[in-house]
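**Student:** So that we are looking at the same thing, I have put the structure below in structure tokens.
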């Protein structure tokens with residue numbers, strides 16, 4: 002339990018560095034180790050660019066998250082292309098790398114958890130019409146930073162507002 006609390010307070014850079022250190026102490030080389038090295042390299046590259054622009058602390062947490070999201074997207078495309086070309090082993094490796102990278106990304110709210118979050122915001126703000134959509138979405142994103150996928154949240158919010166508006170009328 003203490004480990005979970007600690008990781009919540011650590012930056013993504015620190016989490017990757019700790020994972021890389023722990024993995025490199027293991028005797029065998031793995032997909033996880035090579036992927037962690039790639040992540041670390043990408044983060045360091047962003048840090049160098051940020052320092053070149055005058056940001057002495059390196060790239061911010063949001064940029065690190067974008068790097069990870071980009072890496073996942075690139076591997077998803079590559080895996081599909083490998084599947085289409087019949088290179089199944091390469092596609093499997095890409096998907097294994099995706100699993101490693103996604104361990105450092107926040108899990109987006111989906112399904113019932115998203116519906117509950119939307120309902121809480123709608124209730125708290127007293128929203129009842131579609132004109133409240135922008136205000137509700139802002140509150141939702143503020144309450145759950147980096148855990149909201151805009152398209153899914155927008156659909157859930159519209160559904161809650163239209164069904165709520167029908168009940169309140």
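In my numbering, the protein residues as written are 2 to 170.
Even glycine gets a Cβ: it sits at the ideal position worked out from N, Cα and C.
#1: From 14, 126, 63 and 26, pick the residue whose C-alpha is nearest to that of residue 148; which is it?
#2: Between residue 162 and the rest of its own chain, which residues show a CB-CB distance below 8 Å, the 5 nearest in sequence each way excluded?
#3: Might you give, ordered along the chain, the residues of its own chain that have their beta carbon closer than 8 Å to the beta carbon of residue 116, omitting 5 neighbours on each side?
#4: State the DSSP-derived secondary structure class of residue 54, mapped to helix, strand or coil.
#5: Would the region 85-98 count as touching the region 14-29 if we require 3 or more Cβ pairs under 8 Å?
#6: Quick check: residue 48 and residue 60, are their CB atoms within less than 7 Å of each other?
#7: With distances taken between CB atoms, is the gap from residue 90 to residue 76 smaller than 7 Å?
**Tutor:** Taking the geometry as given:
#1: 63
#2: 123, 128, 129, 130, 131, 133, 134 and 137
#3: 157 and 161
#4: coil
#5: no
#6: yes
#7: no
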